[in-house]
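There are 2 protein chains.
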Amino acid sequence: MSILTRKQREWAERTQLIIREADRLLAAGGYLGLNLDELAATIEYSKATIYNHFKNKEDLVLAVAVDHFRRRAEYFARALTHDGPPRERMCAIGIADEVLAHHICNGFEVMQLARTKSLWEKTAEAQQLGWQEASAQCMGTCYEIMAQARACGDLAPDGPNDETIVMGLISLSKGSHLLSEGLPLFEGMNDVTPESVRFRNYDFYLDGVGWKPLSPDHDYDAIRPAIRDALFPDAEQPV
Amino acid sequence: MSILTRKQREWAERTQLIIREADRLLAAGGYLGLNLDELAATIEYSKATIYNHFKNKEDLVLAVAVDHFRRRAEYFARALTHDGPPRERMCAIGIADEVLAHHICNGFEVMQLARTKSLWEKTAEAQQLGWQEASAQCMGTCYEIMAQARACGDLAPDGPNDETIVMGLISLSKGSHLLSEGLPLFEGMNDVTPESVRFRNYDFYLDGVGWKPLSPDHDYDAIRPAIRDALFPDAEQPV
DNA sequence: GTCACAACTTGAAAAATAGTCAATTCTCGT
DNA sequence: ACGAGAATTGACTATTTTTCAAGTTGTGAC
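Below is the structure:
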């Protein structure tokens, strides 16, 4: 017998069931499209049961976001296993990010929604801690890669500090994903995908930061497919 | 007598009144905090009157966002008047962005909300066109500056294309503003403001893109306050 | 001045959806 | 098989968005 009783396991499974279905509804119609009556109907439990698992609608949405975030932390951790110069590992983080975006339709929208003050305030503390933890884990992975880069001299010690670089990379990712998740922005960009633009922009940014090897000296575009196949062979298709 | 009749003017003024108050409520409590009963009470008109001006709640929110966006276009246009190398003008765009962010509390959150598919779908077409127009105007300003940079050789013709750079800059702005508008991310960053990190990151990115003069050769940090005072003397304090 | 007409405003009620709770059903140790 | 306690839910309330028909106001023709 496992540590958890059967009942506890069933409870946890149902929590996951609710989150999974809520995720689907959120992806389809955003916050406004998540209707608890509808959700209750699809999971074949009563609405009141949902309220046993979650404090309120906002709490449920945060739970969905935390679920995404945990998967993100897991994917980021895989990036650490890539062998090569640290900047390639940071590059792998970008790939993890991309794979997740394909996985989870409108995932960034949900993540953004979750960080909204008006939503956050209404959620349960346990949920908030889950978020903080996943967040710390993701950032920790990035910090570790940067520490390695500093150690081997690829990143100058007197250059920009770690916080600045993390903020820059998160901003680039978050901003551009939100841009391309919403209504299409650039109608005319048929030859390039949002993904390729994102990758190029990470390269420019890290070149600007002075993280060696610089992209003119190292063909990151050629390396990326290999990293993707090696670290994320289970990458699912977009929903 | 002007082109508009008195009634038309009154109507337009009230539209503005509604938008202004809705903006205040949105800034305070996000989408969830915008209550139409409350809004009707504060503007001292009935709720049904609001529905004469706007198709529905989503339409009103988009109107608020369009209002922000128009102001943004106006501020961006001012950046064009700055004299100096084109990159300084692009730098001025960043300052415009920053001034707006201080102006309008949670403005980026509202802008992001407006680009959400589930919201967009419910809005009136006229509103959508207003958004497109303001968007095109902002982007147009950026493209113009880049054209100037190409013309004088500060930006290599064989380098990254304009769309990539615009997307990079928008992402950096949007991503980092959303990051700092929500709950605080970096507790420990007492010595640096989100604003200074943003500026530094724009500099890194544009250095990476190879837009001359590069930041090590040109003290953009020293120039910024002067640009701000010259172009945005009316900059209001944060709400 | 007044009448007809159109445009505007609104109170009140419908519709939609979040949230609650007492009654019922289920589980499990004895 | 029984009863205590936990889990579940149907049916309810509360809140907020949305509609609509009746009433009001302003306008221009005569």
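So the protein sequences, as listed, match chains A and B. Just so you know, we're using numbering that gives the first Met the number 0 here: the first sequence kicks off at 0 and counts up by one. Just so you know, we're using numbering that gives the first Met the number 0 here: the second sequence kicks off at 0 and counts up by one. We treat Cβ as the ideally placed atom computed from N, Cα and C, and that holds for glycine. Treat the numbers as computed from the prediction; the structure is a model and nothing was measured.
For Y74(B), the nearest candidate out of L118(B), D96(B), L16(B), A221(B) (CA to CA): The candidate whose alpha carbon is nearest that of Y74(B) is D96(B).
Please identify the residue among V191(B), A146(B), E9(B), Y201(B) whose C-alpha is closest to the C-alpha of K173(B). Selected option, being the one with the closest Cα: Y201(B).
Could you name the residues of chain A that L177(B) contacts, counting a contact when the two beta carbons are closer than 8 Å? Within 8 Å of the CB of L177(B), the CB atoms of chain A belong to Q111, R114, K173, G174, L177, in sequence order along the chain.
Just to confirm, are H81(A) and R71(A) a CB contact at a threshold of 8 Å? No. Outside cutoff.
Any Cβ of chain A within less than 8 Å of the Cβ of I169(B)? It does; some Cβ of chain A falls within 8 Å.
Is there a C-beta anywhere in chain B that falls below 8 Å from the one on Y74(A)? Chain B, which has no Cβ nearer than 8 Å to the Cβ of Y74(A), makes this no.
Three-state secondary structure (DSSP) at D157(A)? Three-state DSSP puts D157(A) in coil, outside helix and strand.
Within a Cβ cutoff of 6 Å, which residues of the same chain sit near D220(B), ignoring the five residues on either side of it in sequence? Nothing listed; no residue qualifies.
Unbroken alpha helix (DSSP H) runs of length 4 or more, entirely within the stretch 129–153 of chain B: which are they? Correct list: empty.
Can you tell which of M138(B), F53(B), F198(B), G106(B) has its C-alpha closest to the C-alpha of W10(B)? Residue F53(B) holds the alpha-carbon nearest to the alpha-carbon of W10(B) among M138(B), F53(B), F198(B), G106(B).
Name the chain B residues whose beta carbon is nearer than 9 Å to that of E87(A)? The premise fails here: E87(A) is roughly 17 Å from chain B at the closest Cβ pair, so nothing lies under 9 Å.
For a minimum of 3 consecutive residues, which ranges assigned as the beta strand (DSSP E) are wholly contained in the stretch 192–237 of chain B? For the stretch 192–237 of chain B, not one full-length beta strand (DSSP E) segment reaches 3 residues or more.
Please state the DSSP three-state secondary structure of L178(A). Reduced to three states, the DSSP call for L178(A) is helix.
So that I know if they touch, is there some Cβ in chain A lying closer than 8 Å to that of P183(B)? Judged by the 8 Å Cβ criterion, P183(B) is not in contact with chain A.
Can you check whether the C-beta of G273(A) is within less than 8 Å of a C-beta belonging to chain B? Chain A is shown only over 0 to 238; residue 273(A) falls outside these bounds and no answer can be derived.
Chain B beta carbons: is any one of them nearer than 8 Å to that of Y50(A)? Not closer than 8 Å to any Cβ of chain B, the Cβ of Y50(A) fails to qualify, so no.
Please list, in chain order, all residues of the same chain as V98(B) whose beta carbon is under 8 Å from its beta carbon, the five residues on each side excluded. Same-chain partners within the cutoff: Y74, R227, F231, A234.
For E43(B), name the three-state secondary structure that DSSP assigns. Residue state, collapsed to three classes: coil.
Interface flag, Y142(A) vs chain B, CB-CB below 8 Å: Y142(A) is outside the set of residues whose beta carbon lies under 8 Å from a beta carbon in chain B.
Three or more C-beta pairs closer than 8 Å, one from the stretch 23–33 of chain A and one from the stretch 111–123 of chain B: is that the case here? Below 8 Å, enough C-beta pairs join the stretch 23–33 of chain A and the stretch 111–123 of chain B to call them touching: three or more.
If you count every other CB in all the chains shown that lies within 10 Å of the CB of S1(B), and 16 or more means buried, which is it? With a pLDDT of only 46 at S1(B), under the threshold of 50, the placement of this residue in the model should not be trusted; the figure read from the coordinates follows. S1(B) comes out exposed.
What do you reckon, are the CB atoms on Q126(A) and D58(A) nearer than 8 Å? Less than 8 Å separates the beta-carbon of Q126(A) from that of D58(A).
Contacts of R199(B) in chain A (Cβ-Cβ under 7 Å): Neighbourhood of R199(B) in chain A, by CB distance below 7 Å: P159, T163, in chain order.
Quick check on the burial criterion: 16 or more other C-beta atoms within 10 angstroms. Buried or exposed for L128(B)? Within 10 angstroms of the beta-carbon of L128(B) lie fewer than 16 other beta-carbons, which makes it exposed.
Buried or exposed for E108(B), going by 16 or more other Cβ atoms inside 10 Å? Buried, because 16 or more other Cβ atoms sit within 10 Å of the Cβ of E108(B).
Local Cβ density within 10 Å of C151(A), reported as buried at 16 or more and exposed below that: With fewer than 16 other CB atoms across the displayed protein chains lying within 10 angstroms of its CB, C151(A) is exposed.
Give a yes or no on whether the minimum CB-CB distance between D206(B) and chain A is below 8 Å. Yes, D206(B) lies at the interface with chain A (some Cβ there is under 8 Å from its Cβ).
Which residue's Cα is closest to the Cα of S195(A): I18(A), Q111(A), A155(A), S175(A)? The candidate whose alpha carbon is nearest that of S195(A) is S175(A).
Considering Cα atoms alone, identify which of E37(A), V208(A), L182(A), R114(A) is closest to D153(A). When only C-alpha atoms are compared, the closest one is V208(A).
With C-beta atoms as the reference, is A62(A) less than 8 Å away from I18(A)? Yes. Within cutoff.
Going by DSSP in three states, S1(B) sits in which element: helix, strand or coil? Note on S1(B): pLDDT 46, under 50, position unreliable in the model; the coordinate value appears next. If DSSP states are grouped into helix, strand and coil, S1(B) belongs with coil.
Quick check on F203(B) - is its C-beta less than 8 Å from some C-beta in chain A? Yes, F203(B) counts as interfacial toward chain A.
Assign T140(B) to buried or exposed, taking buried as 16 or more other Cβ atoms, counted over all protein chains shown, within 10 Å of its Cβ. Buried: at least 16 other Cβ atoms inside 10 Å.
On the DSSP letters alone, give me the boundaries of the alpha helix (DSSP H) that H67(B) sits inside. Its alpha helix (DSSP H) spans residues 56–78.
When Cβ atoms are compared, which residues of the stretch 15–48 of chain B fall closer than 9 Å to chain A? Against chain A - using a Cβ distance shorter than 9 Å - the residues of the stretch 15–48 of chain B are A27, G28, G29, Y30, L31, G32.
Candidates L24(A), I42(A), L35(A): which alpha carbon is nearest E12(A)'s? Nearest in C-alpha terms to E12(A), of all of L24(A), I42(A), L35(A), is I42(A).
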